[in-house]
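To keep things clear, I will list the structure first and then write my remarks on it.
Protein chains: 2
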Amino acid sequence: MENRTIGVALLGLGTVGLGTYKVLKAQREEMVYKIGAQLELRWILVRNKERAAAKVDEPELITDRFEDIINDDKVEIVIELIGGTTSAADYIEAALKAGKHVVTANKDLIASDHGRLMDLAKENGCDLMFEAAVAGAIPVITPLKQSLAANHLSEVMGIVNGTTNYILTRMEQDGMEFGEALALATKLGYAEADPTADVEGLDAARKVAIIASIAFNSRVSVEDVRTEGITKITPDDIRYAQEMGCCIKLIGMAHSDGTSIEAYVAPMLIPKRHPLAAVNDSYNAVFVRGDAVDDAMFQGRGAGELPTASAVVGDVFDVARNIVHGCNARISCTCYRHLPVKKMEDVQSRYFLRVEVEDRIGVLAELADVFARHQVSVDQIIQKQRHIPFHEGTDRHTGDGTDKELPSAQIVVITDVVREGDFQKAVQCIRDKKGTRQICSMIRVYTAE
Amino acid sequence: MENRTIGVALLGLGTVGLGTYKVLKAQREEMVYKIGAQLELRWILVRNKERAAAKVDEPELITDRFEDIINDDKVEIVIELIGGTTSAADYIEAALKAGKHVVTANKDLIASDHGRLMDLAKENGCDLMFEAAVAGAIPVITPLKQSLAANHLSEVMGIVNGTTNYILTRMEQDGMEFGEALALATKLGYAEADPTADVEGLDAARKVAIIASIAFNSRVSVEDVRTEGITKITPDDIRYAQEMGCCIKLIGMAHSDGTSIEAYVAPMLIPKRHPLAAVNDSYNAVFVRGDAVDDAMFQGRGAGELPTASAVVGDVFDVARNIVHGCNARISCTCYRHLPVKKMEDVQSRYFLRVEVEDRIGVLAELADVFARHQVSVDQIIQKQRHIPFHEGTDRHTGDGTDKELPSAQIVVITDVVREGDFQKAVQCIRDKKGTRQICSMIRVYTAE
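Keeping their order, the protein sequence lines are chains A and B.
All the letters of the first sequence, read from the start, carry residue numbers 1 to 449 under the numbering used here.
All the letters of the second sequence, read from the start, carry residue numbers 1 to 449 under the numbering used here.
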């Protein structure tokens, strides 16, 4: 057994930083057997030294000067847990240029700058690892780069945001409205004070960009990922989904036929028999399909102090093993292809559409005709319920009052697999029709190939 | 990008061997970008050369002489897919002694000889990888050794035999008897002609031995794993389980509190809300609990030509990367602890017990008294149904005919967490009681800690 000591610096002592500190401590006695070296935490970089000193047993490690770290030759691994794309990016770049390996949980930075940073790491013979940036504790990046490397993957889809999965689970299991479920998520600490990045799908989009890049060996940036959140999902949608044997999940989708990539985040109807349908509450999961592996799924905690630290320290151990064996950058950037990301209008999907229309003879036939004219093949079109408008406000799309006396009906349409651009044009046409009172919802329906 | 060529030999061209041949071919153009080297298949060892030659495009690679391989200095990686513990063991030993790295899917051999072979690999500076030996395509070994290495794991439990999971799924979803479901599994190719190793849990036991050794860093051999199969499970048991909000799965259980290990295979009642409960048909899954990661689960195909080959070639790629970077044996044996495996009588569990007794006043109280005398704490004891014995044969445990006029009742007992030794003694005592007609079933109930 080697007796090498490897110096480590921790940048940031927030939730994940403190978790990483704790996990490094918990592994102190055994790590030498696992990795052939002893890790020595030499610095913890923070902004507020006093507040940080109260959290750790060795206040002498606390510093607010990054120079202490970059100038310490004994620091071989820098663990960046500050987050964001400003100072974190500067620190990571400086560390790599100084030949220090980097482990980070920074999804913002990796999603927007994955390629440049991986190249920089390679130039400097360094490891840059970021398992914790996608789906927290769940091993995703390592399996994609190693165990599943002998596949041509066609699909990687995931529930990669715990906040929205918790909200949708409460809406499904307890019949809550979106706002009520969000309030509960906030109260329980699953949602941040400003939940926008979560509920609008931006957080998931960052993870999709990272996953798609690795799964399809071609760089996908977060700007390539079209994003739709869950704020418009209603209990009615969930009830209709259940009638169809489905639940609604916010899905991060990455799909490739080998010539191009589809990457987007959107709520989707998922059949109950699909493994992702059983992933509830704040759990995350990533489902993979490949030419050899067939289907596989990884699930677990997508966030949290110790779960995220599990992934961070797993990476740190891997870097340390590489140092011991002199093989850093053993697995560097795997984006050796240059596949275009499809425009969203060219993506194909099935759709669930719910429209409120005036209830009169011929309205179903008119809708069916609109779809036909736009090359949108319809699988089912069903009149679900009728009701008398209880005040004029219900009559949202016709202002002239000519049809006030007609009751409303809800029409549910399930399309076949259609081109999004065609579908959107058909919906626009329906929206503009005189008898249309409201487009209630429009949700993709997952279909396995 | 390196232009190194690495010679590979394939031992065996059965289902997994042929799958591996196909996956290596499918990856031929891209592998150099993934691993920095080109793999060159140089030999395929088989017993029947003619039959094998018909399966491949390069019949000149076929040989029936292992010497061709061991004497070929260009062969750096030997892929052993013969199976069994006789010639396969000799070939692996010879390969390692000759400094050739080994990838194998041989669960029999790894389960019985993991320690010795890992030591031999290390002595010779070789990699010995076996991801495919546990749960087929699903990455389990690599995540346990890498991504989850920063954990103290307390539990690794899995559905690691697809045949029995398929049978139990048919029994649950279609109300089949065991024999009927087995016949269907055989017809569909999920069960072998002699299904003993599957249905009696021996195949799962091998995988548990491997998983437990790696999860708890302490060698567990297959002889340490007490094994119980599913042949006695009846549709009645499944119905009762459903009433309790559970399903019945054949679970490979590895549990440790850090001072000892519990390792066994047994059918268990699993709550429907547990992720393993949703793993149906021939799918496998491994559920992990650790101090940092919390809960995680990996699921996918546990067998099959291409899925198993996905894991085999994933390992081959990893070995090749190590060769390119000069760091073989980077992760060698991780069994640095020596924990005892608990005797089964000392294992603690909850139990579901179903007994047929003569239906008379006081019988519940008598059973409760037997449990109390054996320190078995009972959670529920319920009289489920009564029926008149339709012939004398029903009266299995009392031969003297004195209670023939009494009808039968079924009693269902759910215990608290109790010591298996105490429970078995209580059951023996109940079995010997005059009023007991039959111990219908006795199944563990999974309880999270």
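C-beta atoms are modelled at their ideal positions from N, C-alpha and C, and glycine is treated no differently.
Computed from a predicted structure; not experimentally measured.
Residues of chain B with a Cβ closer than 8 Å to the Cβ of L148(A) are, in chain order, P139, S310 and G314. Across the set K107(B), D315(B) and R170(B), the C-alpha of D315(B) shows the shortest separation from the C-alpha of I77(B). Beyond the five residues adjoining it in sequence on each side, I331(B) comes within less than 8 Å, by CB distance, of K145 and Q146 in the same chain, given in chain order.
Taken through DSSP and simplified to helix, strand or coil, F287(A) comes out as strand. Residue-level contact check: G258(B) does not touch chain A, since none of the beta carbons of chain A fall below 8 Å from its beta carbon.
Contact check for G83(A) against A309(A) fails: the beta carbons are separated by 8 Å or more. Of the candidates G302(A), Q380(A), I214(A) and A181(A), G302(A) places its Cα closest to the Cα of I138(A). Contact note: H114(B) does not reach chain A at a C-beta cutoff of 9 Å; the least C-beta distance is about 17 Å. For H255(B), the enclosing beta strand (DSSP E) starts and ends at C246 to S256. For a Cβ distance threshold of 8 Å, nothing in chain A lies close to T15(B): the least Cβ distance comes to about 13 Å. The shortest CA-to-CA distance from A105(B) to any of K34(B), E420(B) and V16(B) is the one to V16(B).
Near chain A, meaning a CB-to-CB distance below 7 Å, the residues of the stretch 274-289 of chain B are P275 and A278. P267(A) carries a strand assignment under DSSP once its states are collapsed to helix, strand and coil. With contacts defined by Cβ atoms closer than 8 Å, D198(B) and N328(B) do not form a contacting pair.
A209(A) is positioned such that its CB atom lies closer than 8 Å to that of A111(A).
Nearest CB-CB separation between Q27(B) and chain A: below the 8 Å threshold. The beta carbons of A409(B) and V347(B) sit about 30 Å from each other, so the pair does not count as a contact at 8 Å. Pairing M297(A) with I361(B), the inter-Cα distance amounts to about 53 Å. Note on the stretch 95-158 of chain A: whole beta strand (DSSP E) runs with a minimum of 3 residues are 101-104, in chain order.
When DSSP states are grouped into helix, strand and coil, R4(A) belongs to the strand group.
In chain order, Q348, S349, R350, Y351, Q375, V376 and S377 place their CB closer than 8 Å to the CB of V418(A), counting only its own chain and leaving out the 5 sequence neighbours on each side. The three-state secondary structure of D416(A), taken from DSSP, is coil. In terms of CA proximity to W43(A), G12(A) leads the group G12(A), Q27(A), G36(A) and Y33(A). Less than 8 Å divides the Cβ of F317(A) from the Cβ of I35(A). Contact annotation for E131(B) against chain A: S147 [CB-CB distance below 7 Å, chain order]. Spatial neighbours of Y336(A) in its own chain (CB-CB distance under 7 Å, excluding positions within 5 residues in sequence) are listed in chain order as N217.
Boundaries of the beta strand (DSSP E) around G300(B): D294 to R301.
Judged by DSSP in its simplified three-state form, Q27(A) adopts coil rather than helix or strand. Nearest neighbour of D57(B) by Cα position, chosen from L24(B), D73(B) and K74(B), turns out to be L24(B).
In the three-state reduction of the DSSP assignment, M176(B) falls in the coil class, being assigned neither a helical nor a strand state. A straight line joining the alpha-carbon of L148(B) with that of S87(B) spans about 34 Å. Within chain A, the residues whose beta carbon sits less than 9 Å from that of Q299(B) are P275, D295, A296, M297, F298 and Q299, listed in sequence order. Minimum Cα-Cα distance from S221(A) among the listed residues Q428(A), R289(A) and L109(A) corresponds to L109(A). The C-alpha of V363(B) is placed about 43 Å away from the C-alpha of Y283(B).
When A212(B), V160(B) and T231(B) are compared, the shortest CA-CA separation from P195(B) is found for T231(B). Taking 8 Å as the threshold, the shortest C-beta distance from L18(A) to chain B does not fall below it.
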